[in-house]
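Notes follow once the structure below has been shown.
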DNA sequence: CGCCGTTTTGAGTCTAGTCAAAGGTGGTGG
DNA sequence: CCACCACCTTTGACTAGACTCAAAACGGCG
């Protein structure tokens with residue numbers, strides 16, 4: 264039995280497997296975020312899958328690609344060929360309206376996935392921009408799809424990952440639709456904290472990779488408002504901020520803002 | 264060659280096929296929305312697919328299910344078993360936060376699809392409520408998945424549908440994040456108009472199935488604001504509203520609000 | 001050390017929210 | 001067929017929260 268894992272965000276889409284191929288497809292241990300050996304994409308599928316050609320897997324998991332800070336991994340209307348998992352660094356996805364309005368639709372941390380927006384029309388529907396010098400694993404979609412066709416557990420996993428993205432986006436819509444500025448900032452920090460935890464970083468102490476501007480855009484508020492709300496949360500003794508460094512002092516208090 | 268189509272929203276996910284099974288799986292002609300014979304789900308896949316057992320398809324496309332106005336097709340945390348396409352009527356999907364906050368995440372018209380939110384965790388992550396007496400086709404997910412495993416064009420179509428939902432949600436986020444109340448209402452009417460057109464209804468003359476409350480919740484504004492903005496658009500000569508009946512007078516003007 | 005981009009804070013404005021009341025609409029039953 | 005009721009919609013007056021504009025403080029990097 265061979266097992267493959269496609270790492271995803273944490274909300275249930277990335278299920279652990281009892282049988283894992285290491286060596287050839289080393290899995291990044293979540294508690295060792297700076298693990299030295301990550302020359303290949305960590306790929307994981309929920310259940311063990313039928314034995315299959317390792318070369319086949321190799322052909323899907325391409326050589327990593329580096330993207331410099333503020334450069335694009337892909338842009339709106341680019342031909343869709345691949346999905347990506349973040350091996351190092353951090354990205355944002357941005358939609359640009361014809362009138363020039365921009366909306367940050369998400370931030371992707373190490374281990375999270377990018378590119379599913381392109382499956383539908385075979386062109387990407389947003390820009391993916393690196394927030395710092397980053398590196399991704401490139402997964403050829405056509406090959407992934409044919410692998411899914413052979414390996415049913417992989418197919419199911421891919422369905423789950425896409426559904427997970429749908430669910431996450433719903434949560435974001437809810438935030439944009441119903442929350443006050445203060446609640447948005449609090450919720451954002453908590454979400455980030457959860458995702459950091461899932462990746463093996465400290466849940467209470469981390470550095471933001473995005474500017475107040477980008478954060479505010481994502482949250483549907485202005486950068487000055489983000490700043491004010493952070494100050495307010497600090498006054499309430501819920502967080503401790505120094506520029507981009509965040510320390511969550513009172514997690515419970517933060518979640519009940 | 265046999266061709267099956269799973270009808271979806273209009274943004275490119277539902278591709279027409281040259282070879283279609285009629286008779287047994289009659290496709291609702293888009294220009295005849297009230298077509299009498301729709302006792303079975305219209306199922307359509309992008310490309311022709313390999314011949315397969317018709318009984319297999321029959322077992323996936325279950326008997327239709329009726330849902331009365333204001334009743335739930337499914338609720339948050341319900342076990343996920345099936346996805347649904349709307350055969351008649353109209354639904355809304357709603358997320359409820361623990362603090363009681365609600366957010367309408369979408370409206371599903373005739374021919375559109377519901378339920379992908381459940382794939383990820385095998386439980387639904389929102390409520391799907393009928394806005395009027397409605398009817399859906401129930402598609403067993405487990406069977407659909409195994410069919411996808413056999414029929415690669417069906418697998419690709421399902422991936423496209425889910426990606427389409429991701430893209431649509433991104434658009435909604437952009438609206439919630441960047442648009443003024445007036446723009447939101449205008450954009451909402453235009454979106455609805457496009458979807459009505461895609462379903463064979465008039466693009467300029469239609470009835471809303473939701474209340475101002477539900478519309479406002481979806482748009483991230485209050486019901487009074489929806490009402491005010493509709494009045495404003497009417498004063499500008501862009502639309503003509505009488506309660507739930509909408510007539511788009513100046514489409515171009517509306518899109519440049 | 002000085003520069004540039006980012007962040008913080010303040011003051012004033014404006015959009016959308018709140019509260020309230022009146023006007024419509026559709027469905028039900030007499 | 002009409003009257004009544006419940007619910008939905010519109011409109012107005014006032015308020016609050018977030019935005020805009022502006023200036024100063026901070027921080028990282030060459």
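Chains as they are written, first to last, in my numbering: chain B, 264 to 520; chain U, 264 to 520.
For glycine and all other residues, C-beta sits at the position ideal for the given N, C-alpha and C.
Contact between residue 401 of chain B and residue 325 of chain B is confirmed by a C-beta separation of about 4 Å, below the 8 Å threshold.
Straight-line spacing of the CA atoms in residue 481 of chain U and residue 368 of chain U works out to 6 Å. Listed along chain U, the residues sitting closer than 7 Å to residue 366 of chain B by beta-carbon distance are 436, 437, 440, 441. Between the stretch 376-386 of chain B and the stretch 464-481 of chain B, the count of Cβ pairs shorter than 8 Å is below three; the stretches do not touch. Note on residue 329 of chain B: under 16 other CB atoms within 10 angstroms of its CB, so exposed under the neighbour-count rule. Between residue 423 of chain B and residue 484 of chain B, the C-beta gap is not smaller than 8 Å, which leaves the two residues out of contact. Judged by DSSP secondary structure, residue 480 of chain B falls outside any beta strand (DSSP E) and instead within the alpha helix (DSSP H) spanning 475-482.
DSSP lists B:469, B:504 as the bridge partner or partners of residue 509 of chain B.
Here residue 505 of chain B is exposed: its Cβ has fewer than 16 other Cβ atoms, across all protein chains shown, within 10 Å.
With a cut-off of 8 Å on Cβ pairs, the stretch 437-456 of chain U is in contact with the stretch 358-366 of chain B, counting three or more such pairs. For residue 425 of chain B, the closest Cβ of chain U is nearer than 8 Å.
Chain-ordered, the chain U residues with CB closer than 7 Å to the CB of residue 419 of chain B read 408. Assigned with DSSP and collapsed to three states, residue 499 of chain B falls in coil, not helix or strand. When secondary structure is reduced to three states using DSSP, residue 369 of chain U falls in the strand class. If you draw a straight line from the Cα of residue 453 of chain U to the Cα of residue 428 of chain B, it is about 26 Å long. Just so you know, the alpha carbons of residue 405 of chain U and residue 436 of chain U end up roughly 31 Å apart. Contacts with chain B at 8 Å (Cβ-Cβ) do not include residue 340 of chain U. Within chain B, the residues 356, 358, 366, 368, 369, 380, 388, 389, 432 have their CB atoms less than 9 Å from the CB of residue 433 of chain U, given in chain order.
Here the alpha carbons of residue 491 of chain U and residue 492 of chain B stand approximately 30 Å from one another.
Relative to residue 476 of chain B, the option among B:433, B:432, B:507 whose CA is nearest is B:507. Taking residue 456 of chain B as the centre and dropping the five residues before and after it, the same chain places the C-beta of 466, 467, 469, 511, 514 closer than 8 Å to its C-beta, in chain order. Put simply, the backbone Cα of residue 474 of chain B is about 40 Å away from that of residue 342 of chain U.
The Cβ neighbour count for residue 355 of chain B, taken over all protein chains shown within 10 Å, is at least 16; the residue is labelled buried. DSSP links residue 400 of chain B through a beta bridge to B:348.
In this structure, DSSP gives residue 489 of chain B a helical state, which the three-state scheme calls helix.
In the structure shown, the three-state DSSP call for residue 407 of chain B is helix. Within chain B, 440, 441 have C-beta atoms less than 9 Å from the C-beta of residue 480 of chain U, given in sequence order. Against residue 469 of chain B, chain U offers no close residue; the least beta-carbon distance is about 24 Å (beta-carbon pairs closer than 8 Å). In the three-state reduction of the DSSP assignment, residue 390 of chain U falls in the strand class.
Taking every protein chain shown into account, the CB of residue 472 of chain B has 16 or more other CB atoms within 10 angstroms, so this residue is buried.
Note: residue 356 of chain B is bridge-paired with B:369, B:391 in the DSSP secondary-structure output. Counting the other CB atoms within 10 Å of its CB gives residue 332 of chain U a total below 16, which places it among the exposed residues.
Within the model, the alpha-carbon separation for residue 344 of chain B versus residue 517 of chain B is close to 41 Å. Taking the beta carbon of residue 428 of chain U as reference, the chain B residues within 7 Å of it are 429, listed in sequence order. For a Cβ distance threshold of 7 Å, residue set 439, 440 of chain B lies close to residue 483 of chain U, ordered along the chain.
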